[in-house]
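This is how it looks when you write it as structure tokens:
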């Protein structure tokens, strides 16, 4: 089973 | 005062068709250099970035930077009322809580204006770091759309693998498995029919097909799509908008538990 990562793990809030 | 006149109004119609199912509400940012948007889908798995540069507009006036919050479903309803050959002008006064879309038929015998309420949207721009990609695949956008559609009838996820053999799209589901390999092919009549693979190192990543199918709604914007892959980074699926900019979709990969 694979887990969906969040885009927020890669792109930072300012 | 904001006034943006786009002779090829169908471009804006196509942009909305491409992003309205992924994102409900978004801020359109307007500056002296262009009209742009950055938004995530509601589950924060994908991000869309749109840029329409000022030079692509016949007339472009933006006195100061403004951010206009719009419901994309409502914006799409309004833009659907524009003919495919219509010229579309966006207008907004400073401090106004509405935006006006003006549609002009090509021979100027019909002029319509639709005023839409703006909304306050709390959203922060994410910083997208510059990245070196292990592999960049450019291929006909219709081919990519076809592959995503075909694979989604078999499985829910796609493994995209780039090796020196080519780019492989694989899925598996209850009924079986599927593998589609596209090899580099530059011996074509038109450059937009080519498949070009630039690989620095092999890469293999897993993505949810339903997002890929959503991105493929941008196919009418461009004959080609560029897929940029690096291990442990979101894939970038880019549709260039001729002479104006791009729509880029970023999708976070799925990983082993």
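Residue numbers (our numbering), protein chains in the order written: chain R, 77 to 90; chain Y, 787 to 1043. Quick reminder that beta carbons are idealized off the backbone N, C-alpha and C, glycines included. If you're wondering where the values come from, they're calculated on a predicted model, not measured in any experiment.
Unbroken alpha helix (DSSP H) run spanning residue i, endpoints
i: residue 936/Y; result: 927-938
i: residue 859/Y; result: 858-865
i: residue 1000/Y; result: 995-1001
Three-way DSSP call (helix, strand, coil) for residue i in this model
i: residue 1037/Y; result: strand
i: residue 825/Y; result: strand
i: residue 1022/Y; result: strand
i: residue 83/R; result: helix
i: residue 1004/Y; result: helix
i: residue 1031/Y; result: strand
i: residue 817/Y; result: coil
i: residue 795/Y; result: coil
i: residue 901/Y; result: strand
i: residue 910/Y; result: coil
i: residue 78/R; result: strand
i: residue 982/Y; result: strand
i: residue 804/Y; result: helix
Proximity to residue i [Cα-Cα], best of the options
i: residue 917/Y; options: 1024/Y, 1015/Y, 1040/Y and 840/Y; result: 1015/Y
i: residue 1023/Y; options: 817/Y, 812/Y, 848/Y and 921/Y; result: 921/Y
i: residue 894/Y; options: 937/Y, 799/Y, 885/Y and 872/Y; result: 872/Y
i: residue 823/Y; options: 1041/Y, 787/Y and 854/Y; result: 854/Y
i: residue 78/R; options: 993/Y, 1026/Y and 1009/Y; result: 993/Y
i: residue 934/Y; options: 899/Y, 978/Y, 997/Y and 882/Y; result: 997/Y
i: residue 913/Y; options: 983/Y, 869/Y, 834/Y and 995/Y; result: 834/Y
i: residue 818/Y; options: 827/Y, 837/Y, 904/Y and 831/Y; result: 837/Y
i: residue 1036/Y; options: 1042/Y, 850/Y, 827/Y and 928/Y; result: 827/Y
i: residue 949/Y; options: 982/Y, 821/Y, 999/Y and 1041/Y; result: 982/Y
i: residue 999/Y; options: 791/Y, 794/Y, 932/Y and 960/Y; result: 932/Y
i: residue 821/Y; options: 849/Y, 968/Y and 939/Y; result: 849/Y
i: residue 880/Y; options: 811/Y, 952/Y, 791/Y and 816/Y; result: 816/Y
i: residue 984/Y; options: 960/Y, 875/Y, 1020/Y and 925/Y; result: 925/Y
i: residue 797/Y; options: 959/Y, 829/Y and 862/Y; result: 862/Y
i: residue 919/Y; options: 898/Y, 1013/Y and 1042/Y; result: 1013/Y
i: residue 87/R; options: 832/Y, 923/Y, 962/Y and 1043/Y; result: 832/Y
i: residue 936/Y; options: 958/Y, 953/Y and 947/Y; result: 958/Y
i: residue 882/Y; options: 1009/Y, 1008/Y and 788/Y; result: 788/Y
i: residue 897/Y; options: 867/Y, 911/Y and 878/Y; result: 867/Y
i: residue 791/Y; options: 851/Y, 869/Y and 874/Y; result: 874/Y
i: residue 969/Y; options: 1009/Y, 923/Y, 963/Y and 961/Y; result: 923/Y
Range of the contiguous beta strand (DSSP E) that encloses residue i
i: residue 916/Y; result: Taken as a continuous stretch (DSSP letters only), residue 916/Y belongs to no beta strand (DSSP E), as it is neither H nor E.
i: residue 966/Y; result: 962-968
i: residue 1015/Y; result: 1010-1015
i: residue 944/Y; result: 943-949
i: residue 830/Y; result: Looking at the DSSP string, residue 830/Y is not in any beta strand (DSSP E), and its letter there is neither H nor E.
i: residue 954/Y; result: 952-959
i: residue 809/Y; result: Premise fails: residue 809/Y is in no beta strand (DSSP E) and is neither H nor E.
i: residue 843/Y; result: No beta strand (DSSP E) contains residue 843/Y, which DSSP labels as neither H nor E.
i: residue 787/Y; result: That residue, residue 787/Y, is in no beta strand (DSSP E); it is neither H nor E in DSSP.
i: residue 877/Y; result: 873-878
i: residue 987/Y; result: Segment: none, residue 987/Y is in no beta strand (DSSP E) and carries neither H nor E.
i: residue 1043/Y; result: First-last for residue 1043/Y: undefined, no H or E at that position.
i: residue 886/Y; result: 884-890
Beta-carbon separation (whole angstroms), residue i vs residue j, contact threshold 8 angstroms
i: residue 864/Y; j: residue 905/Y; result: Not quite, the Cβ-Cβ distance comes to about 14 angstroms (not below 8 angstroms), so this is no contact.
i: residue 825/Y; j: residue 909/Y; result: 7 angstroms
i: residue 813/Y; j: residue 907/Y; result: 5 angstroms
i: residue 927/Y; j: residue 1025/Y; result: 6 angstroms
i: residue 967/Y; j: residue 951/Y; result: 7 angstroms
i: residue 876/Y; j: residue 938/Y; result: Incorrect: roughly 35 angstroms between the Cβ atoms, too far for contact.
i: residue 83/R; j: residue 1020/Y; result: 6 angstroms
i: residue 886/Y; j: residue 899/Y; result: 5 angstroms
Beta carbon proximity, residue i to chain B, threshold 8 angstroms
i: residue 826/Y; result: Reference to chain B is not applicable here, since the protein chains of this structure are R and Y.
Do three or more CB pairs link the stretch 872-890 of chain Y to the stretch 931-945 of chain Y at distances below 8 angstroms? When C-beta atoms of the stretch 872-890 of chain Y are compared with those of the stretch 931-945 of chain Y, fewer than three pairs fall below 8 angstroms, so the two segments do not count as touching.
Within the chosen definition, does the stretch 858-873 of chain Y reach the stretch 799-812 of chain Y through at least 3 CB pairs nearer than 8 angstroms? Yes, since at least three Cβ pairs between the stretch 858-873 of chain Y and the stretch 799-812 of chain Y fall closer than 8 angstroms, the two stretches touch.
May I ask you to verify whether the stretch 988-998 of chain Y touches the stretch 967-975 of chain Y, counting CB pairs closer than 8 angstroms and requiring at least 3? No, they do not touch.
When you compare the stretch 831-849 of chain Y with the stretch 1020-1036 of chain Y, are there three or more beta-carbon pairs, one atom per stretch, that lie closer than 8 angstroms? Touching, yes, given that three or more Cβ pairs across the two stretches are closer than 8 angstroms.
Are the stretch 996-1010 of chain Y and the stretch 796-804 of chain Y in contact at 8 angstroms, needing three or more beta carbon pairs? Contact holds: three or more Cβ-Cβ distances are below 8 angstroms.
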